[in-house]
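**Student:** Got a structure for you, written out below as structure tokens; questions coming shortly.
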Amino acid sequence: MCEGDHVPQQSWNDAVLWHRDDKATPAPQDPHPERLYKPEVLKTIDDTIHGLSEELRALSLDIHGHPELLFKEYYAHDTYTAFMRKHGWKVTEHLHLETAWEATFEHGQGGRVIGVNSEMDALPDIGHACGHNLIGIAGVAVSLGLRAALEKHNIPGKIVLLGTPAEEGGDGKTILLKEGAYKGMDACLMCHPAPGPLGSVSLTSCYAREKLMVEYEGHPAHSALSPWEGRNALDAAVLGYVNISALRQQLKPTTRVHGIFEAVDWAVNIVPAKARFMCYIRAPTRSDLLPTVERVVPCFHGAAQASGCKVKVTSLGQSFDIRQNKALSDEVANIMLNKYGSVDYEWGIRYASTDFGNVSYGLPALHPSFSIPTVPDGGNHTHDFAKSAAMIEAHKQCLVMSIALAGAGLRVLTDDAFFTEVKKAFEEDKEIRKFKDA
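In structure tokens:
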């Protein structure tokens with residue numbers, strides 16, 4: 001039993017925190033099942049996922065109780081692969097990365113391929129404070145729900161569930177994308193928990209992000225006896241930070257620049273000869289990000305010149321904004337509005353970043369957010385959100401999101417006209433991106 005289970009549900013609901021500009025699109029008062037695509041198959045998915053609720057809940061709490069950092073998700077790797085193998089899936093362990101994995105199921109011949117992602121990593125000190133335990137079981141639930149539909153209704157198709165490590169700063173999906181793990185998928189699906197109006201799903205994008213490592217090198221000296229002999233690398237790093245603060249007035253209000261100092265063999269009585277500043281630069285799209293990076297980097301070089309230090313600026317990679325496929329997005333919205341809840345285009349992970357953005361640049365993809373109960377100032381990356389991610393209400397919302405995603409995957413597998421729209425939406429978006437990047 002996790003700590004979050006002991007929190008009175010009413011007290012959390014009364015203090016739900018979410019920041020938006022307008023209200024969520026309300027769910028219709030009189031749902032129209034006939035507007036749903038293949039409602040009898042969607043019912044199979046719904047029944048299957050809810051029938052596995054206790055098993056999925058136990059899996060979620062197990063992962064939540066064993067938080068692991070990026071690229072070290074050994075317990076999660078073994079737990080998920082054992083779970084999928086138990087359910088009769090073909091499992092490949094250590095797929096391109098030590099803690100990545102793949103589970104596949106295929107029914108019939110000649111069908112299309114749906115990809116699904118399960119994240120695993122947690123955060124330093126605060127554990128599963130971004131709800132990756134929920135993201136993990138959502139991928140499992142979508143996959144098991146779709147499998148039941150394929151078998152019961154004799155639908156040809158293939159499901160590929162990827163266990164993706166190191167979302168929190170390691171860009172695990174970007175690595176897997178380059179290694180070919182997404183090759184052959186016709187579309188890829190996943191989701192993410194966030195604060196928001198309960199019962200709602202958000203279909204926003206997210207920010208593109210550049211990670212920079214800024215290394216300063218000076219010269220050591222005795223801090224009291226002869227400090228003039230030194231060149232202070234920490235001073236250089238601080239000056240770079242201050243330069244960014246001065247630049248903010250000329251940056252667009254939609255951008256984000258933030259970072260931390262890291263010690264390199266520091267002692268209080270030695271002028272620091274080395275210092276490191278880890279910096280994230282974010283903007284709404286990849287096109288917006290590039291000119292922002294060009295403005296920020298000179299801040300570091302200016303600081304080096306002023307302090308008499310050397311500087312090395314290294315890019316640790318980019319994660320792109322999510323290109324939510326419009327056809328897939330509209331199908332999830334249709335399922336939610338006609339059966340499960342409401343839809344919103346304001347909250348979610350709009351101002352955060354994820355390596356799934358790179359996946360969405362490579363193939364048709366969808367990454368909605370689903371709301372879970374949170375307390376004031378208890379959003380993602382806090383101790384309180386870690387508690388929220390273990391709550392039973394969060395689990396229930398995760399299952400609803402999984403059903404809606406599986407419903408969109410079902411339509412990719414069975415509706416040729418719809419899949420044509422999915423591909424068309426992807427190609428049209430690609431042309432827009434080319435125009436913006438030009």
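With the first letter of the sequence shown counted as 1, position 143 gets the number 143 in full-length UniProt numbering; the numbers rise by one all the way through. Idealized CB from N, CA, C, for every residue including glycine.
1. Can the beta-carbon of V116 be found closer than 8 angstroms to that of G88?
2. Would you list the one or two residues that DSSP bridges to T314?
3. Anyone know if the C-beta pair for P319 and T174 falls short of 8 angstroms?
4. What is the DSSP secondary structure of R57, reduced to helix, strand or coil?
5. Kindly indicate the opening and closing residues of the beta strand (DSSP E) around I159.
6. Taking all protein chains shown into account, do 16 or more other C-beta atoms lie within 10 angstroms of the C-beta of K158, making it buried, or fewer, making it exposed?
7. Could you give the first and the last residue of the continuous alpha helix (DSSP H) run that contains F356?
8. So is R35 buried or exposed if we call it buried at 16+ other beta carbons inside 10 Å?
9. Quick one: Cα of P28 to Cα of G317, how far?
10. Counting C-beta neighbours from all protein chains within 10 Å, is the total for T420 16 or more, i.e. buried, or is it exposed?
11. To the nearest angstrom, report how far apart F105 and D186 are at their CA atoms.
12. With DSSP run on the structure shown, which of helix, strand or coil describes D429?
13. Out of F300, F83, T414, state which residue places its alpha-carbon closest to the alpha-carbon of E55.
14. Do you know offhand how far P253's Cα is from A352's?
15. Check whether the Cβ atoms of A273 and P220 lie closer than 8 angstroms to each other.
16. When you compare each of L251, F261, A194, V422 to R350 by their alpha carbons, which one comes out closest?
17. Rounded to whole angstroms, how far is the Cβ of I322 from the Cβ of S360, which I believe are closer than 8 angstroms?
18. Decide if I260 is buried, meaning its Cβ has at least 16 other Cβ atoms within 10 Å, or exposed.
19. Applying the criterion that 16 or more other CB atoms from any shown protein chain within 10 Å of the CB defines a buried residue, is D22 buried or exposed?
20. Output the boundary residues of the alpha helix (DSSP H) element that contains S329.
21. Rounded to whole angstroms, what's the CA-CA distance from G230 to G308? Just pull it up for me.
22. DSSP three-state call for A267: helix, strand or coil?
23. Which whole-angstrom value describes the C-beta separation of V41 and H153, a residue pair presumed to lie in contact below a C-beta threshold of 8 angstroms?
24. Closest to H222 by CA distance: which of N232, G110, Y216, E215 is it?
25. Are the beta-carbon atoms of L366 and V332 separated by less than 8 angstroms?
26. Please work out which residues of its chain come closer than 7 angstroms, Cβ to Cβ, to D46, disregarding the five sequence neighbours upstream and downstream, and give them in chain order.
27. I need the boundaries of the alpha helix (DSSP H) containing D78, first residue and last residue.
28. Express the C-alpha separation of A149 and F71 in angstroms, rounding to a whole number.
29. Would you call the CB atoms of F418 and A327 closer than 8 angstroms?
30. With three or more beta-carbon pairs closer than 8 angstroms as the criterion, would you say the stretch 235-244 touches the stretch 196-209?
31. For E73 versus L161, is the C-beta distance shorter than 8 angstroms?
32. Look up N232 in the DSSP assignment and give the residues it is bridged to.
33. What are the complete alpha helix (DSSP H) segments, minimum 4 residues, inside the stretch 389-426?
34. Am I right that I155 and H107 are in contact with their C-beta atoms under 8 angstroms? What's the rounded C-beta distance?
35. Classify E167 as helix, strand or coil using the three-state DSSP reduction.
36. Could you tell me which whole beta strand (DSSP E) segments of length 3 or greater appear in the stretch 97-141?
**Tutor:** With the given structure in hand:
1. To locate residue 116, count along the sequence shown from 1; it is residue 116. To locate residue 88, count along the sequence shown from 1; it is residue 88. No, the Cβ-Cβ distance between V116 and G88 is not below 8 angstroms.
2. Here residue 314 corresponds to residue number 314 of the sequence shown, with the count starting at 1. The partner list for T314 (beta bridge, DSSP) reads M213.
3. Taking the sequence shown and counting its residues from 1, one reaches residue 319 at position 319. Taking the sequence shown and counting its residues from 1, one reaches residue 174 at position 174. The amino acid at residue 319 is misidentified as Pro; the sequence shows Ser. Yes, they are a contact pair.
4. Within the sequence shown, residue 57 is the residue found at index 57, counting from 1. Residue state, collapsed to three classes: helix.
5. Taking the sequence shown and counting its residues from 1, the one referred to as residue 159 is at position 159. Per DSSP, I159 belongs to the beta strand (DSSP E) from 157-164.
6. Here residue 158 refers to the residue found at position 158 of the sequence shown. When all chains shown are included, K158 counts as buried.
7. Taking the sequence shown and counting its residues from 1, the one referred to as residue 356 is at position 356. For F356, the uninterrupted alpha helix (DSSP H) run begins and ends at 356-362, by DSSP.
8. Numbered from its first residue, the sequence shown carries residue 35 at position 35. Result: exposed.
9. The residue labelled residue 28 in the question sits at position 28 within the sequence shown. The residue labelled residue 317 in the question sits at position 317 within the sequence shown. Annotation note: pLDDT 40 at P28 (below 50); position unreliable, coordinate value reported separately. Straight across, the Cα-Cα distance linking P28 with G317 is about 43 angstroms.
10. Counted from its first residue, the sequence shown places residue 420 at position 420. By the neighbour-count rule (16 or more Cβ atoms within 10 Å), T420 is not buried but exposed.
11. The residue labelled residue 105 in the question sits at position 105 within the sequence shown. The residue labelled residue 186 in the question sits at position 186 within the sequence shown. In a straight line, the C-alpha of F105 is about 15 angstroms away from that of D186.
12. To locate residue 429, count along the sequence shown from 1; it is residue 429. In the three-state reduction of the DSSP assignment, D429 falls in the helix class, which pools H, G and I.
13. Along the sequence shown, read from residue 1 onward, the residue named residue 55 stands at position 55. In this structure, F83 is the residue among F300, F83, T414 with its C-alpha nearest to the C-alpha of E55.
14. By 1-based counting over the sequence shown, the position of residue 253 is 253. By 1-based counting over the sequence shown, the position of residue 352 is 352. Looking at the two C-alpha atoms, the distance is approximately 15 angstroms.
15. By one-based count along the sequence shown, residue 273 stands at place 273. By one-based count along the sequence shown, residue 220 stands at place 220. It is a contact, given that the beta carbons lie within the stated cut-off.
16. Residue 350 sits at position 350 when you count from the first residue of the sequence shown. Comparing Cα positions, the closest option is A194.
17. As a working note, residue 322 is residue 322 in the sequence shown. As a working note, residue 360 is residue 360 in the sequence shown. Confirmed, Cβ separation roughly 5 angstroms.
18. Residue 260 sits at position 260 when you count from the first residue of the sequence shown. I260 comes out exposed.
19. For this step, residue 22 is matched to residue 22 along the sequence shown. A caution first: D22 carries a pLDDT of 35, below 50, which makes its placement in the model unreliable, though a value can still be read off. Exposed, because fewer than 16 other Cβ atoms sit within 10 Å of the Cβ of D22.
20. Within the sequence shown, the letter at position 329 stands for residue 329. First-last of the alpha helix (DSSP H) with S329: 326-335.
21. One-based indexing of the sequence shown puts residue 230 at position 230. One-based indexing of the sequence shown puts residue 308 at position 308. Cα to Cα, the separation comes out at about 9 angstroms.
22. Taking the first residue of the sequence shown as position 1, residue 267 is located at position 267. It is coil, neither helix nor strand.
23. Numbered from 1 along the sequence shown, position 41 holds the residue referred to as residue 41. Numbered from 1 along the sequence shown, position 153 holds the residue referred to as residue 153. Yes, V41 and H153 are in contact; Cβ-Cβ is about 5 angstroms, under 8 angstroms.
24. Reading the sequence shown from its first residue, position 222 is the one you call residue 222. Cα-wise, what sits closest to H222 is N232.
25. Translated into positions along the sequence shown, residue 366 becomes position 366. Translated into positions along the sequence shown, residue 332 becomes position 332. It is a contact, given that the beta carbons lie within the stated cut-off.
26. Start at 1 with the first residue of the sequence shown, and residue 46 comes out as number 46. Counting only Cβ-Cβ distances below 7 angstroms, and skipping sequence neighbours, we find I403.
27. Position 78 of the sequence shown, counted from the first residue, corresponds to residue 78. D78 -> alpha helix (DSSP H) spans 74-86.
28. For the purposes of this step, residue 71 is taken as residue 71 along the sequence shown, with counting starting at 1. For the purposes of this step, residue 149 is taken as residue 149 along the sequence shown, with counting starting at 1. So the two alpha carbons sit approximately 33 angstroms from each other.
29. As a first step, residue 418 is located in the sequence shown; it is residue number 418 there, counting from the start. As a first step, residue 327 is located in the sequence shown; it is residue number 327 there, counting from the start. Contact: yes.
30. Pairwise C-beta distances place the stretch 235-244 out of contact with the stretch 196-209, as fewer than three of them are shorter than 8 angstroms.
31. Here residue 73 refers to the residue found at position 73 when the sequence shown is read from its first residue. Here residue 161 refers to the residue found at position 161 when the sequence shown is read from its first residue. Cβ distance not < 8 angstroms, so E73 and L161 don't count as in contact.
32. Along the sequence shown, one-based indexing puts residue 232 at 232. DSSP lists no bridge partner for N232.
33. The stretch 389-426 contains these whole alpha helix (DSSP H) runs: 392-414.
34. Counted from its first residue, the sequence shown places residue 155 at position 155. Counted from its first residue, the sequence shown places residue 107 at position 107. Between I155 and H107 a beta carbon distance of about 7 angstroms is seen, short of the 8 angstroms cut, so the two are scored as contacting.
35. Taking the sequence shown and counting its residues from 1, one reaches residue 167 at position 167. Note: E167 maps to coil in three-state DSSP.
36. Within the stretch 97-141, the complete beta strand (DSSP E) runs of at least 3 residues are 101-107, 113-119.
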